[in-house]
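Numbering that gives the first Met the number 0 applies: residue 0 is where the sequence shown begins, and numbers increase by one.
First comes the structure, then the notes that go with it.
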Amino acid sequence: MEKQTWSRKEFKAYVLLYAAHCNHFEDIEEQNYILSKVDIETYHSIHTEVVADSDENNLNKIQQYVSENKFNQSEKEMLIKEIKNVFFADGTVDVIEKKVFSILKKIFDS
Numbered sequence: 000m001e002k003q004t005w006s007r008k009e010f011k012a013y014v015l016l017y018a019a020h021c022n023h024f025e026d027i028e029e030q031n032y033i034l035s036k037v038d039i040e041t042y043h044s045i046h047t048e049v050v051a052d053s054d055e056n057n058l059n060k061i062q063q064y065v066s067e068n069k070f071n072q073s074e075k076e077m078l079i080k081e082i083k084n085v086f087f088a089d090g091t092v093d094v095i096e097k098k099v100f101s102i103l104k105k106i107f108d109s
């Protein structure tokens, strides 16, 4: 896989959009939360990439970016908090979202 050339803002959008899309249903509350964290242009440019990638590709890209870019502990904690907020944005967290959260948490904790 080639090196990801995202900015931090684009990476954040990718992770949050993946979290929203992981169960193949993006709720309006999830979209609104993400739009409160990233601008609309970044949202739309990254959204297409997230939807076009397979789940495996999504996770591989996230893991690769995290391993190639230095995140301090507070940045990791903030991203985990924001991912959690995406999952809770619609008031429920399904089994798929719980599983994906666990995987993403492991990626950021490594």
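Using N, Cα and C, we set each Cβ at its ideal position, and we do this for glycine too.
Exercise. Quick one, are the C-beta atoms of Leu16 and Ile45 less than 7 Å apart?
Worked result: Looking up residue 16 in the sequence shown gives position 17. Looking up residue 45 in the sequence shown gives position 46. Contact: yes.
For this session: My understanding is that Glu76 touches Phe86, with C-beta atoms under 8 Å, so please give their C-beta distance in whole angstroms.
Result: The count along the sequence shown starts at 1 and reaches residue 76 at position 77. The count along the sequence shown starts at 1 and reaches residue 86 at position 87. That pair is no contact at about 16 Å.
For this session: Quick one: using the 10 Å Cβ neighbour count with 16 as the cut-off for buried, is His43 buried or exposed?
Result: Mapped onto the sequence shown, residue 43 falls at position 44. Exposed: under 16 other Cβ atoms inside 10 Å.
Exercise. In whole angstroms, what separates the C-alpha of Trp5 from that of Val65?
Worked result: As a first step, residue 5 is located in the sequence shown; it is residue number 6 there, counting from the start. As a first step, residue 65 is located in the sequence shown; it is residue number 66 there, counting from the start. Rounded to whole angstroms, Trp5 to Val65 spans 11 Å at the Cα level.
Problem set entry | Element boundaries [alpha helix (DSSP H), containing His46] | Within the sequence shown, residue 46 is the residue found at index 47, counting from 1. Taken as a continuous stretch (DSSP letters only), the alpha helix (DSSP H) holding His46 covers Ile39 to Ala51.
For this session: Identify whether Ser73 lies in helix, strand or coil by the three-state DSSP scheme.
Result: As a working note, residue 73 is residue 74 in the sequence shown. Helix at Ser73.
Exercise. Would you call Ala19 buried or exposed, if buried means 16 or more other Cβ atoms sit within 10 Å of its Cβ?
Worked result: Residue 19 sits at position 20 when you count from the first residue of the sequence shown. That one is buried.
Exercise. When we look at the beta-carbon of Ala12 and count the other beta-carbons within 10 Å, is it buried (16 or more) or exposed?
Worked result: If you number the sequence shown from 1, residue 12 lands on position 13. Buried is the call here.
Problem set entry | Euclidean distance between Cα positions of Ser35 and Thr47 | As a working mapping, residue 35 is identified with position 36 in the sequence shown. As a working mapping, residue 47 is identified with position 48 in the sequence shown. Computed Cα separation, rounded: 19 Å.
For this session: Return the CA-CA distance between Val99 and Asp38, expressed in angstroms with no decimal places.
Result: Counting from 1 along the sequence shown, the entry for residue 99 is found at position 100. Counting from 1 along the sequence shown, the entry for residue 38 is found at position 39. Taking the straight line joining both Cα atoms gives about 24 Å.
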